[in-house]
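Take a look at the structure set out below.
Number of protein chains: 2
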Amino acid sequence: MSSYSAQQSSISENNRSRILQYLYHNGISSRAQIAKAIELTPAAITKITAKLLFRDVIEETGDMEGDKNRRSIGLNLNCAKYHVVGVKFARSLVQIAVFDLKCNRISLTDLPTVDEEHIPETVEQIRATVRQLIADDSSIVAVGMAVPGPYLVEEGRTALVSSMQGWRQVNFIKEFSEAFNVPVFVEQDARAGALAQFLFNPELSEGSLAYYLLGEGIGLGIIDNGSIYYGAHGTATEIGHISVDVNGKPCDCGNIGCLERYCSANAIHERLNEQPSIVPGCEAMTHAQACTALFAKAAAGDKAAMDLTSEVARYIGYGAVNIINAFNPTHIVLGDIISQAGQPLLDEVKKVVRERTIPEVGHDTKITLSNLPTDATVSGAAAVAITNFLEHPSMFFDVA
Amino acid sequence: MSSYSAQQSSISENNRSRILQYLYHNGISSRAQIAKAIELTPAAITKITAKLLFRDVIEETGDMEGDKNRRSIGLNLNCAKYHVVGVKFARSLVQIAVFDLKCNRISLTDLPTVDEEHIPETVEQIRATVRQLIADDSSIVAVGMAVPGPYLVEEGRTALVSSMQGWRQVNFIKEFSEAFNVPVFVEQDARAGALAQFLFNPELSEGSLAYYLLGEGIGLGIIDNGSIYYGAHGTATEIGHISVDVNGKPCDCGNIGCLERYCSANAIHERLNEQPSIVPGCEAMTHAQACTALFAKAAAGDKAAMDLTSEVARYIGYGAVNIINAFNPTHIVLGDIISQAGQPLLDEVKKVVRERTIPEVGHDTKITLSNLPTDATVSGAAAVAITNFLEHPSMFFDVA
Numbered sequence: 043m044s045s046y047s048a049q050q051s052s053i054s055e056n057n058r059s060r061i062l063q064y065l066y067h068n069g070i071s072s073r074a075q076i077a078k079a080i081e082l083t084p085a086a087i088t089k090i091t092a093k094l095l096f097r098d099v100i101e102e103t104g105d106m107e108g109d110k111n112r113r114s115i116g117l118n119l120n121c122a123k124y125h126v127v128g129v130k131f132a133r134s135l136v137q138i139a140v141f142d143l144k145c146n147r148i149s150l151t152d153l154p155t156v157d158e159e160h161i162p163e164t165v166e167q168i169r170a171t172v173r174q175l176i177a178d179d180s181s182i183v184a185v186g187m188a189v190p191g192p193y194l195v196e197e198g199r200t201a202l203v204s205s206m207q208g209w210r211q212v213n214f215i216k217e218f219s220e221a222f223n224v225p226v227f228v229e230q231d232a233r234a235g236a237l238a239q240f241l242f243n244p245e246l247s248e249g250s251l252a253y254y255l256l257g258e259g260i261g262l263g264i265i266d267n268g269s270i271y272y273g274a275h276g277t278a279t280e281i282g283h284i285s286v287d288v289n290g291k292p293c294d295c296g297n298i299g300c301l302e303r304y305c306s307a308n309a310i311h312e313r314l315n316e317q318p319s320i321v322p323g324c325e326a327m328t329h330a331q332a333c334t335a336l337f338a339k340a341a342a343g344d345k346a347a348m349d350l351t352s353e354v355a356r357y358i359g360y361g362a363v364n365i366i367n368a369f370n371p372t373h374i375v376l377g378d379i380i381s382q383a384g385q386p387l388l389d390e391v392k393k394v395v396r397e398r399t400i401p402e403v404g405h406d407t408k409i410t411l412s413n414l415p416t417d418a419t420v421s422g423a424a425a426v427a428i429t430n431f432l433e434h435p436s437m438f439f440d441v442a
Numbered sequence: 043m044s045s046y047s048a049q050q051s052s053i054s055e056n057n058r059s060r061i062l063q064y065l066y067h068n069g070i071s072s073r074a075q076i077a078k079a080i081e082l083t084p085a086a087i088t089k090i091t092a093k094l095l096f097r098d099v100i101e102e103t104g105d106m107e108g109d110k111n112r113r114s115i116g117l118n119l120n121c122a123k124y125h126v127v128g129v130k131f132a133r134s135l136v137q138i139a140v141f142d143l144k145c146n147r148i149s150l151t152d153l154p155t156v157d158e159e160h161i162p163e164t165v166e167q168i169r170a171t172v173r174q175l176i177a178d179d180s181s182i183v184a185v186g187m188a189v190p191g192p193y194l195v196e197e198g199r200t201a202l203v204s205s206m207q208g209w210r211q212v213n214f215i216k217e218f219s220e221a222f223n224v225p226v227f228v229e230q231d232a233r234a235g236a237l238a239q240f241l242f243n244p245e246l247s248e249g250s251l252a253y254y255l256l257g258e259g260i261g262l263g264i265i266d267n268g269s270i271y272y273g274a275h276g277t278a279t280e281i282g283h284i285s286v287d288v289n290g291k292p293c294d295c296g297n298i299g300c301l302e303r304y305c306s307a308n309a310i311h312e313r314l315n316e317q318p319s320i321v322p323g324c325e326a327m328t329h330a331q332a333c334t335a336l337f338a339k340a341a342a343g344d345k346a347a348m349d350l351t352s353e354v355a356r357y358i359g360y361g362a363v364n365i366i367n368a369f370n371p372t373h374i375v376l377g378d379i380i381s382q383a384g385q386p387l388l389d390e391v392k393k394v395v396r397e398r399t400i401p402e403v404g405h406d407t408k409i410t411l412s413n414l415p416t417d418a419t420v421s422g423a424a425a426v427a428i429t430n431f432l433e434h435p436s437m438f439f440d441v442a
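Taken in order, these protein sequences are the chains called A and B.
Read in order, the letters of the first sequence are residues 43 to 442 in the numbering used here.
Read in order, the letters of the second sequence are residues 43 to 442 in the numbering used here.
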């Protein structure tokens, strides 16, 4: 293909994608509204939408009120027609869910807690589960995967999974890219969470969005004016490995005083095991269960549980201050396991930010708890697939 | 203007800019080479270059060897024809220099050391000096200014100038935007330094570039795949205010343990004043002079001077580790006052990075000392003006 026709094809694909994205975010719209919003001629819109209608990707919804009171026909993206699979890899936790394009969850499977010794068997189990889902549901068009960072984009491998190094051996591209008869997309977990917030929460799509993943690891995904921030090889925004105390606790990554050594679910569980009176029986729990039990005791007014929660929240606040000074986001969304600590967590994080940032810089940043209905990372895995569907339509249906 | 013609005009401006940028970076080129490189039709190139030739922005250089041994005429950007003024605002230091488009320095003026009480007089003196330079040299087409961060882009004001708060009162846009008969562009100092590296050092223009400004403040400018990283209001990449010890030294910004409290020229000067035996007489020196004297003694083998330099270098290394985990750059360039410590500084920074980053993440990042002939920030101020000249040509000459 000459470079001229490659360029033409990418312009058509880009215009097609912009129409789908407009319909996705704005719902039923007339051709005239789309033409005006994305600055294409009405003729171009008519041509592209004719093909999308022919393939049933969009549908006509009947008359709607147009500009200047002219009647015009509404177009709608067929969001219920396409399903995607989202796979969330945490450290010990794998969740697989099916969603429609609007992130309505159709099914959810929790795999048994992953044991470091049996990661290859877990990989095989994921493949079998996803294959069965695709066999049972012909509307599934893509699989999205959310994996712990730092994720090396070109290699397809996570460079380090603190406290569960076995996952480092897994090459996600090699293990999964050819495993199914639909395309597979892999993204670092916090970026996947950011994509979910961006797609499903319209008020977060303006400016610069930070999704602050507070789970078994501490992660960050930044979408700055519509673009994910990756850096050179995809290992940027690793807030969990930014040191908050260069003379502090050592981390598996080689650094000293990494944020996640103080406030990840694993770090909290470690602290609980040292003081087992706070959550009796915590040794036998998963990290997530131990945190949930801690937050329940704190909510019930237990002094030791409240103190530990508040100390953890202060470290999450220190991380938020570093996020603000590094990335100057419009909005920081707190999500995953530890965000379940709720309002007291949010209040403490905001307090630390007020104390420790320059007013003109920090006080404009909105900080909220994730309000996604289901776990943000498994929704995030789905969001990775949906984003690719909207951005690269020719991968999913015949556009000729 | 209708939105359609606005779009057309921005496409023409964009094509014009791409031709100028291609000639800027590649030197003498034929129309065919430009057409191929920037994927425009030969007819479009001929049309746009005709106008640029008519305005003397570019010139024909005579026959050159073309593709397939056909002779063709070379085009060249008239880099010597246009001059720009660069103004560097450090805390106590203001430098004003004239450069051509290739950053050859034509003149340099150092203003007297700035006294916090007399900032309005300094502002007036800058205006007078720049006006005189423009009056004396009709080839000056723009003024670029590099100011300390965090710089609030929309407001035109620096939110905090640690250890010299008087500069906070200065609104750079208000004070300077209408002061001259040529356009003025203001940029945060480390971003200006990054632009200088990007423009004048071809091997740094690929991937993701971090310019790590080690001066009276500690700053960072990131150019990721050709785009400066700003965040929501321009206060991103403030590495100097990212804490390396949340229980450490308090900073003017409200945060605790900010990197610049440990390794800025001011912090080094403070340490020297506490141990005046290292650099006798340091109390009477400027921060820059005190640092230069320290590095000279260290280079001469003085044990106490070497120890302090090495301790400072370790903190600069901790900052580099945080830069790698936050931004995953291809290249980190160390510049400004403290980079004069040279090879021992570079060695220690690289050692800390080897110790404290995941090999797959950190060891690919190249770390070098700035090799710009003149101080990178005043070149950076010029680079801000030159970048705008190349990106927005219609602001500088009649394109019709």
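No residue lacks a Cβ here, since even glycine has one placed at the ideal position from N, Cα and C.
For residue j and residue i, believed in contact at Cβ under 8 Å, the rounded distance
| i | j | result |
| --- | --- | --- |
| Glu-390/B | Ser-352/B | 6 Å |
| Ile-380/A | Gly-257/A | 7 Å |
| Val-224/B | Ile-176/B | 6 Å |
| Leu-82/B | Glu-102/B | At roughly 19 Å, the Cβ-Cβ gap does not stay under 8 Å, so Leu-82/B and Glu-102/B are not in contact. |
| Pro-386/B | Ala-347/B | Their Cβ separation, rounded to whole angstroms, is 11 Å, which puts Pro-386/B and Ala-347/B out of contact at 8 Å. |
| Ser-281/B | Gly-361/B | Looking at the sequence itself, residue 281/B is Ile, so the reference to Ser does not match. Contact holds; Cβ gap of about 6 Å. |
| Gln-230/B | Ser-412/B | Actually they do not touch by this definition, with Cβ atoms about 17 Å apart. |
Own chain residues within Cβ distance below 7 Å of residue i, not counting five before or after
| i | result |
| --- | --- |
| Ser-181/A | Lys-123, Tyr-124, His-125 |
| Phe-12/A | Because chain A is modelled from 43 through 442, residue 12/A falls outside the range shown and cannot be assessed. |
Under 9 Å by beta carbon: chain B residues contacting residue i
| i | result |
| --- | --- |
| His-405/A | Simply none; closest approach about 11 Å. |
| Thr-349/A | Reading the sequence as shown, one finds Asp at residue 349/A and not Thr. Neighbours of Asp-349/A on chain B: none; closest Cβ ~17 Å, over 9 Å. |
| Asp-266/A | Tyr-271, Tyr-272, Gly-273, Ala-274, Ala-278 |
Same chain, Cβ closer than 6 Å to residue i, neighbours up to 5 away in sequence not counted
| i | result |
| --- | --- |
| Lys-392/A | Ile-409 |
| His-283/A | Cys-295, Asn-297, Cys-300 |
| Thr-164/B | Val-156 |
| Ser-250/A | Asp-266, Pro-371, Thr-372 |
Start and end residues, beta strand (DSSP E) containing residue i
| i | result |
| --- | --- |
| Phe-218/B | That residue, Phe-218/B, is in no beta strand (DSSP E); its alpha helix (DSSP H) goes 214-218. |
| Asp-152/A | 147-152 |
| Asn-142/A | First, the amino acid is wrong: residue 142/A is Asp here, not Asn. Counting along the chain, the beta strand (DSSP E) containing Asp-142/A begins and ends at 136-142. |
| Ile-168/A | First-last for Ile-168/A: 161-178, but that is the alpha helix (DSSP H), not the beta strand (DSSP E). |
| Ala-188/B | 182-189 |
| Gly-230/A | Per the sequence presented here, residue 230/A reads as Gln, with Gly not at that position. 226-230 is the span of the beta strand (DSSP E), which, as asked, contains Gln-230/A. |
| His-408/B | According to the sequence provided, residue 408/B is Lys. The question's His does not apply to it. 408-411 is the span of the beta strand (DSSP E), which, as asked, contains Lys-408/B. |
| Ala-252/A | 250-256 |
Partner residues on chain A for residue i, Cβ-Cβ distance less than 7 Å
| i | result |
| --- | --- |
| Val-212/B | Those do not exist, as Val-212/B stays about 14 Å from chain A at its closest Cβ, beyond 7 Å. |
| Ala-201/B | Ile-400, Glu-402, Val-403 |
| Pro-192/B | Ile-400, Val-403 |
| Val-288/B | Val-286, Asp-287, Tyr-360 |
| His-283/B | Asn-367 |
Residue i Cβ short of 8 Å to the ligand HEM heavy atom set
| i | result |
| --- | --- |
| Ser-52/B | Here there are no bound small molecules, and the ligand HEM is not part of this structure. |
Cutoff 8 Å; reference residue i; Cβ partners in own chain excluding five residues on either side
| i | result |
| --- | --- |
| Ser-59/B | Leu-432, Glu-433, His-434, Pro-435 |
| Asp-440/A | Arg-97 |
8 Å Cβ cut-off: residues of chain B touching residue i
| i | result |
| --- | --- |
| Ala-309/A | Result: empty, since nearest Cβ-Cβ is about 15 Å, beyond 8 Å. |
| Pro-386/A | What Pro-386/A touches in chain B: nothing, since even the nearest Cβ is about 20 Å away. |
Within chain B, partners of residue i - CB distance below 7 Å
| i | result |
| --- | --- |
| Ala-278/A | Ala-368, Phe-369, Asn-370 |
| Ala-274/A | Gly-249, Ser-250, Asn-370, Pro-371, Thr-372 |
Start and end residues, alpha helix (DSSP H) containing residue i
| i | result |
| --- | --- |
| Val-395/B | 385-398 |
| Tyr-7/B | Outside the modelled stretch of chain B, which goes from 43 to 442, sits residue 7/B, for which no answer is possible. |
| His-373/A | Not the alpha helix (DSSP H): His-373/A falls in the beta strand (DSSP E), residues 373-377. |
| Ile-264/A | No alpha helix (DSSP H) contains Ile-264/A, which is instead part of the beta strand (DSSP E) from 260-266. |
| His-125/B | His-125/B -> not in any alpha helix (DSSP H); beta strand (DSSP E) instead, spanning 125-131. |
| Ile-90/A | 84-96 |
| Ala-335/A | 329-341 |
| Tyr-304/B | 302-305 |
Under 8 Å from the C-beta of residue i: neighbouring residues of chain A
| i | result |
| --- | --- |
| Asn-297/B | Val-363, Asn-367, Arg-398, Thr-399 |
| Cys-231/B | It should be pointed out that residue 231/B corresponds to Asp in this sequence rather than to Cys. Those do not exist, as Asp-231/B stays about 16 Å from chain A at its closest Cβ, beyond 8 Å. |
Name the residues in the segment 83-109 of chain A whose C-beta lies less than 9 Å from a C-beta of chain B; which are they? Thr-83
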